[in-house]
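A short write-up of the structure that comes next.
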Ligand code: BES
Ligand code: ZN
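Numbering (the numbering used here), first residue to last: 1 to 391.
What follows is the structure, given as structure tokens:
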């Protein structure tokens, strides 16, 4: 079929009100979406770049006929104002972990051995000390709590990640906490007992976020398809998570003229990186809608092929609806990562989490790339699930 005949056929189908299934996921359009989202810099909640991103999404969705609403919400967060660690005369670069209190503490360094799991803290004398411990195994917040219970004044988590990676406690830590690079951390392990000054300087601020909600019909949705569109400070957030955002946006376009979309709300969550604020507020404020959901599908980090497969985690029943073979997409499993599906799962909604693995640029200034081909593959798998779930 030549192009003009194809276009005419598509036009006739549209005129007849038939679903425009002839239209495929457009790589060019998704590339343009990615560019638009990345052009303004990191989409930190409350920043002009994020407000512009929300407007862009709303406009694109309205263009294809969706009704778009913003759901505003506020919360308080801390921002790093430059923190540092001094041991003797040496100064080490550290970065505060989001959720840490701002405080200057002073005391001898104490080292937690091994991987720094709960058992490794047992029997340690940490009173009035600054704790050095490896990150990983158990949540950093749990390590901070264990240290605080033993009287520690502060905690330094030694990470394997590059020093420009941003971390969060995902809650409030009772004592100031920072991360330090592996090489500097290795030096600290040899300095147990030395006097240290840990100065964590943060600013507490009120921020406003906005979820962008697109719907077709007046009815409550049976399914929510979502992705967070915010990113961490200093990171353009291409894979985390312009990738999921653009895949959901293009899927919404694909389904715009399909009756299926009457039963779906497409939600672009804000405030995810500061602690799942957007999805938590949505769940809190819409108990009736949440009760009626057959599923919530969340796309987070789907634009870089880390594992070679599209990871799908969550409810087994929903997972069984994914027909990856028919779409020639290699699918695997996803770890129980923390993202916007979690508040829905906690409210009893069956969820699926689409995730292609943690790429090396995660939460770094180098997170600048997402592959539209992978976004299209992900979108098609999600579309297939929706078709089976809602028929
Ligand atoms: N995109 C990640 C989600 C993620 C990260 C899933 C790693 C699986 C593995 C998300 O934006 C994120 O960074 N989440 C934070 C927690 C959140 C509550 C701030 C995380 O997982 O550390
Ligand atoms: Zn993310």
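C-beta atoms are modelled at their ideal positions from N, C-alpha and C, and glycine is treated no differently.
Predicted model only: the values in this text are computed from it and were never measured.
Q: Drop a sphere of 10 angstroms on the beta-carbon of residue 78, count the other beta-carbons inside from all chains shown, and report buried for 16 or more, exposed for fewer.
A: buried
Q: Please go through the same chain and pick out, in chain order, the residues whose beta-carbon is closer than 8 Å to the beta-carbon of residue 294, but skip the five residues on each side of it.
A: 222, 223, 350, 389 and 390
Q: Just the C-alpha distance for residue 64 and residue 372, rounded to the nearest angstrom, thanks.
A: 20 Å
Q) Whole-angstrom Cβ separation of residue 363 and residue 163, contact assumed at under 8 Å? A) Not quite, the Cβ-Cβ distance comes to about 12 Å (not below 8 Å), so this is no contact.
Q: Give the DSSP-derived three-state secondary structure of residue 317 in the structure shown.
A: helix
Q. Do you know how far the Cα of residue 178 is from the Cα of residue 85?
A. 9 Å
(Q) At a threshold of 7 Å, does residue 173 count as lining the ligand BES (C-beta to nearest heavy atom)? (A) no
Q) In or out: residue 317 buried (at least 16 other Cβ within 10 Å) or exposed? A) exposed
Q) Does the Cβ of residue 128 lie closer than 7 Å to at least one heavy atom of the ligand ZN? A) no
Q: Check each candidate in 117, 32, 68 and 271 and name the one with the smallest Cα separation from residue 256.
A: 68
Q) Relative to the ligand ZN, is the shortest distance from any of its heavy atoms to the C-beta of residue 243 smaller than 7 Å? A) no
**Q.** Status (buried if at least 16 other CB within 10 Å, exposed otherwise) for residue 127
**A.** exposed
Q) Hey, out of 305, 208 and 246, whose CA is closest to residue 271's CA? A) 208
Q. In the DSSP assignment, what residue or residues form a beta bridge with residue 75?
A. 207
Q) Which word fits residue 33, buried or exposed, when buried means at least 16 other C-beta atoms lie within 10 angstroms of its C-beta? A) buried
Q. For residue 38, which beta-bridge partners are listed by DSSP?
A. Note: residue 38 sits in no beta bridge, so no partner.
**Q.** Alpha-carbon to alpha-carbon, residue 45 and residue 265
**A.** 22 Å
Q: May I ask you to verify whether the segment 294-309 touches the segment 235-245, counting CB pairs closer than 8 Å and requiring at least 3?
A: yes
Q: Quick one: using the 10 Å Cβ neighbour count with 16 as the cut-off for buried, is residue 186 buried or exposed?
A: exposed
Q: Answer with buried or exposed for residue 394, where buried requires no fewer than 16 other C-beta atoms within 10 angstroms of its C-beta.
A: The requested residue 394 does not occur in the structure, where the chain is confined to residues 1 to 391.
Q.
Measuring alpha carbon to alpha carbon, tell me which residue in 101, 217 and 115 is nearest residue 203.
A. 101
Q: Report the residue from 341, 38, 35 and 81 whose alpha carbon sits nearest the alpha carbon of residue 226.
A: 341
Q: Kindly identify the DSSP beta-bridge partner or partners of residue 343.
A: Bridge partners of residue 343: none, in fact.
(Q) Buried or exposed, going by whether 16 or more other CB atoms sit within 10 Å of the CB of residue 375? (A) buried
Q | Outcome for residue 149 when other beta-carbon atoms lying within 10 angstroms are tallied against a minimum of 16 | A | exposed
Q. Under 8 Å, do residue 143 and residue 155 count as touching if we go by C-beta distance?
A. yes
(Q) Below 8 Å on the Cβ atoms is my contact criterion, and I expect residue 339 with residue 313 to pass it. Report the Cβ-Cβ distance as a whole number of Å. (A) Rounded, the Cβ-Cβ distance is 10 Å, inconsistent with contact.
Q: Please classify residue 81: does DSSP put it in a helix, a strand, or coil?
A: coil
Q. Would the beta-carbon of residue 296 be found less than 7 Å away from any heavy atom of the ligand BES?
A. no
**Q.** Sub-8 Å separation of residue 97 and residue 189 beta-carbons
**A.** no
Q. From residue 348 to residue 218, what does the alpha carbon distance come to, in whole angstroms?
A. 24 Å
Q: Return the Cβ separation of residue 211 and residue 278 in integer angstroms, given the expectation that the two are a contact with Cβ distance under 8 Å.
A: 5 Å
Q) Smallest Cα separation from residue 261: which of 66, 378, 297 and 30? A) 66
Q) Hey, would you say residue 42 sits closer than 8 Å to residue 49, going by beta carbons? A) yes
Q: Report yes if the C-beta of residue 228 is less than 7 Å from at least one heavy atom of the ligand ZN; otherwise report no.
A: yes
(Q) Less than 6 Å between C-beta atoms, sequence neighbours within five positions excluded: which residues of the same chain meet that for residue 120? (A) 112, 113 and 114
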